[in-house]
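One structure is given here, and the rest of the page talks about it.
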Amino acid sequence: MTVSSIVTPYFVIIVIMSTSIQKFETAAGRRIYSLPVQAFPPLRANVYLISDGEQRILVDCGSGMEPSNQDLLHGLEQIGPTFGEPITLADIDQIILTHGHIDHFGGLPFVRQFTDAPVGIHILDVRVISHHEERVIIAARHLENYLIEAGISDQYRASLMQMYTFAKTYYRSTPIDFLLTEDEPVNGNIQVYHVPGHCPGMVCLQVDDILLTADHILSKTTPHQAPERITHNMGLEHYLASLQKIERLEGIRLGLGGHERPMEDVRGRIQVIRQSHQERLSKVLDICRQPKSIADISKELFGTVSSYHVLLAIEEAGAHVEYLYQRGELLADNIEAIEKHETPVIRYRRS
Ligand SMILES: [Zn+2]
Ligand SMILES: [Zn+2]
């Protein structure tokens, strides 16, 4: 296993180059196999397979890019020889998607070539999967308006929008068969927790004493945040409440994330993530002693970043600005211009 880190100013992505599958066993003897896939270079994602010997549940499908699909097939092939439990995609009884991000659901059409197993996701992410084309157009419109308001120049905005829509155009809509809800454990024995914030329909799944944390809690990275202004049920307010929800759970021995490594201390990890958001909120307040646009704030927080990271940095900064604005700790400074102009840039200052 090789570990390399890509340091960006706003978060650190630890890329765990594991080519090997891992097996985890719950207190009740259920097996969870971790299958690492190359989602988008250099981002690796973890697909999981839960088995009690009778029911086999695939959790997430990778990105759908060729290396991701091949890693998934290869990982499944290894389970038999390595752990003595042969499983193919044709043996899968159910498919669960933890959330509507393409590094986790993009491989669904590929997986569906091998199995008719029903597909489940939380209702707030259904349309991302089943009405993808419509959703991309609406989401792109929201994002573009947001970037204008954030103070991104026309030329730069065009290239960011191109980047945003590129990765989303190769997936084709796939129907959803059932909904994940907290009231109804999957199979009667996998508890679902709805944890909006990083994504509207994000869920964690409790299998006995192991919690699949998806992208809600990761072992190294502070999961990316975007403002609710772009997509409802995202944003820091929801995210922090969702962290608290998981922090209250009893009897979790191990956390397995949608990326990176297993977490032996999920509560400890939650505290570190929460602290990093508190520090970032303080920095934003500090920066806004003078009126600043979100583009300015992003630059001051994260310095110069390139390609897709620019978009991530602007969303991340915006999520923190939004949280402070919701609490009246930031105010719009250029209120006259906002009132008169059709597409104003908002400048924030401390109240
Ligand atoms: Zn995600
Ligand atoms: Zn992810």
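Each position in the sequence shown, counted from 1, maps to that position plus 1 in this note's numbering.
Glycine is no exception: its CB is placed at the ideal position from the N, C-alpha and C atoms.
- Message: Judging by CA-CA distance, which residue of C62, E67, E229 is the nearest neighbour of T99?
- Response: Looking at the Cα atoms, C62 is the closest of the given residues.
- Presumed contact (8 Å Cβ cut-off) between H260 and T222, rounded CB distance: Between T222 and H260 the Cβ distance is about 7 Å, and since that is below 8 Å, they are a contact.
- Report the three-state DSSP secondary structure of N234 (helix, strand or coil). Three-state DSSP puts N234 in coil, outside helix and strand.
- Task: List in chain order: all unbroken alpha helix (DSSP H) runs of 4+ residues lying wholly within the region 144-201.
- Result: Here the runs fully enclosed are 155-167.
- Query: Hey, out of I191, I177, R348, L313, whose CA is closest to D209's CA?
  - Reply: The candidate whose alpha carbon is nearest that of D209 is I191.
- Leaving out five residues before and five after C1 in sequence, what residues of the same chain have Cβ atoms less than 8 Å from its Cβ? For the chain, the structure presents residues 2 to 352; residue 1 sits outside this window and is missing.
- Message: Quick check: the Cα distance between D297 and L282, rounded to an integer number of angstroms?
- Response: Distance between the alpha carbons of D297 and L282: 15 Å.
- Message: Using C-beta distances below 8 Å, list every residue in its chain close to T27, excluding the 5 sequence neighbours before and after it, in chain order.
- Response: Within the same chain, Cβ atoms closer than 8 Å to the Cβ of T27 are found at I33, V208, D209, D210, I211, the five residues on either side in sequence being excluded.
- Message: If you follow the alpha helix (DSSP H) that I103 is in, where does it begin and where does it stop?
- Response: In this chain, the alpha helix (DSSP H) harbouring I103 covers 103-106.
- Task: Would you tell me roughly how many angstroms separate the C-alpha atoms of Q327 and R31, rounded to the nearest one?
- Result: About 44 Å.
- What span of residues does the beta strand (DSSP E) with Q95 cover, start to end? Q95 -> beta strand (DSSP E) spans 95-97.
- Message: Any heavy atom of ligand 3 closer than 7 Å to the beta-carbon of D126?
- Response: Because ligand 3 does not appear in the structure shown, any question about it cannot be addressed here, the ligands present being ligand 1 and ligand 2.
- For F106, is the classification buried or exposed, using 16 other Cβ atoms within 10 angstroms of its Cβ as the cut-off for buried? Burial call: buried.
- Query: Mind checking A320: buried by the 16 CB within 10 Å criterion, or exposed?
  - Reply: Buried.
- Item | Closer than 7 Å: C62 CB and nearest ligand 1 heavy atom | No, the Cβ of C62 stays beyond 7 Å of every heavy atom of ligand 1.
- Message: Does the beta-carbon of H100, which I'm using as the reference point, lie nearer than 7 Å to any heavy atom of ligand 1?
- Response: H100 has its Cβ nearer than 7 Å to a heavy atom of ligand 1.
- Query: Quick one: what does DSSP say S352 is sitting in, helix, strand or coil?
  - Reply: Of the three classes helix, strand and coil, the one that applies to S352 here is coil, per DSSP.
- Query: Is I330 near L302, with beta carbons less than 8 Å apart?
  - Reply: Reading the sequence as shown, one finds Glu at residue 330 and not Ile. Not closer than 8 Å, so no.
- H123 to I274, Cα distance in whole Å? Across the structure, H123 and I274 are spaced so that their CA atoms are roughly 24 Å apart.
- Task: Pull up the distance between the alpha-carbon of V129 and that of D334, whole angstroms please.
- Result: Rounded to the nearest whole angstrom, the C-alpha separation of V129 and D334 is 36 Å.
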